[in-house]
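Asks: To start, I am sharing the structure in question, which I have written as structure tokens.
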Amino acid sequence: MNKLLLTAYGFSTPKIINVAHKMIQENKITKACIISTSWPKEKEKHPQMQKIKNDLLSMNIQQVDFLDVEFEDANKLFDYGLIFLNGGYPFYLLHFIKKSGADQILKRINQNGGLIFGLSAGSIILGPSIALMQYLYPEDNHFNDSNLDGLNLTDIHVYPHFKEMLTRDPTIKDKINKYENETGINITRLNNDQALAVNNDTQTFLD
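Residue numbers (our numbering): 44 to 250.
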């Protein structure tokens, strides 16, 4: 079983909310866990973390907890039907996901039919690799990790906030095009109002 929701900016549109809510209802989710590791300093106090928690509670999930795999036991993830990988720093998140063993736990949860949702960095690491991030932002790889493999729960390589990033760096379009040409890897550009729902072999683009 493979049930994923890859978002750029969480539950940012009615369509994304409706699809997420349907997935939650169909899988009878009562408990969800937000992995807060992706913001190194703020953790669960970051406003984005709190918003996602409130959004999930509004979808009739009875219990929503935070877990920081940098410091807490990743085995606690087995207690939840939905895992939400929040946004922040993809290198930092993936480093501690692997160091804590959460990578293997998330793969088992995925194989057993659990839901896994991602937001920005969370969506990126669910794919095969974060090599694009190394290509674009090598300065963010503070641990100098050479293994850039993602969780590989989907074959989709995501680049979130595409339109927003274009306003900050007009060259980003050419950089990603060049990366695609050099590697032969297709990058799915997600704007803040877009997402991808994955249900086994079916991929649905939400915009």
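Even glycine gets a Cβ: it sits at the ideal position worked out from N, Cα and C.
Bear in mind that the values here come from a model prediction, so they are computed numbers and not experimental data.
1. Rounded to whole angstroms, what is the Cα-Cα separation between ILE122 and ASP250?
2. Comparing C-alpha positions only, which one of LYS216, LEU196 and ILE199 sits nearest to PHE205?
3. Determine the extent of the alpha helix (DSSP H) in which HIS138 is found, giving its start and end residues.
4. Within 10 angstroms of the Cβ of PHE54, are there 16 or more other Cβ atoms? Answer buried if so, exposed if not.
5. Straight-line CA distance for LYS142 to ASN184?
6. If you draw a straight line from the alpha carbon of LEU137 to that of GLY193, how long is it in whole angstroms?
7. In the segment 108-135, which residue ranges form an unbroken beta strand (DSSP E) of at least 3 residues, counting only runs that do not cross its ends?
8. Helix, strand or coil: how does DSSP classify ILE71 here?
9. Terminal residues of the continuous beta strand (DSSP E) containing PHE54?
10. Among MET66, LEU99, VAL107 and MET92, which has the Cα closest to the Cα of CYS76?
11. Pick out the complete beta strand (DSSP E) segments inside the segment 165-236, 3 residues or longer, and give them in chain order.
12. Where DSSP assigns a beta bridge to LYS46, which residues make up the other side?
13. Measuring only the C-alpha atoms, how far is ASN114 from ILE140?
14. Using 8 Å as the Cβ pair cut-off and three pairs as the minimum, do the segment 143-154 and the segment 93-102 touch?
15. Which one or two residues does DSSP pair with THR247 in a beta bridge?
Replies: In this structure, then:
1. According to the sequence as given, residue 122 is Asp; it is not Ile. Counting only the Cα atoms, ASP250 lies some 32 Å from ASP122.
2. Checked all of LYS216, LEU196 and ILE199; the closest Cα to PHE205 is LYS216.
3. In the DSSP assignment, HIS138 falls within the unbroken alpha helix (DSSP H) covering 133-142.
4. Buried, because 16 or more other Cβ atoms sit within 10 Å of the Cβ of PHE54.
5. Computed Cα separation, rounded: 15 Å.
6. Cα to Cα, LEU137 sits roughly 7 Å from GLY193.
7. Along the length of the segment 108-135, whole beta strand (DSSP E) runs at least 3 residues long occupy 125-128, reported in chain order.
8. A small fix is needed here, since residue 71 is Lys in this sequence, not Ile. Look at LYS71 here: in three-state DSSP terms it is coil, with no helix or strand label.
9. Per DSSP, PHE54 belongs to no beta strand (DSSP E) and is neither H nor E.
10. Taking each of MET66, LEU99, VAL107 and MET92 in turn and checking the Cα distance to CYS76, the smallest one comes out for VAL107.
11. Fully enclosed beta strand (DSSP E) runs of no fewer than 3 residues occupy 200-203 and 230-233 of the segment 165-236, in order along the chain.
12. Beta-bridge pairing links LYS46 to LEU158 and ASN242.
13. Before going further, note that residue 114 is Phe rather than Asn in the sequence given. The straight-line gap from Cα to Cα measures roughly 11 Å.
14. With the cut-off at 8 Å, the segment 143-154 and the segment 93-102 do not touch.
15. Paired residue(s): ALA240.
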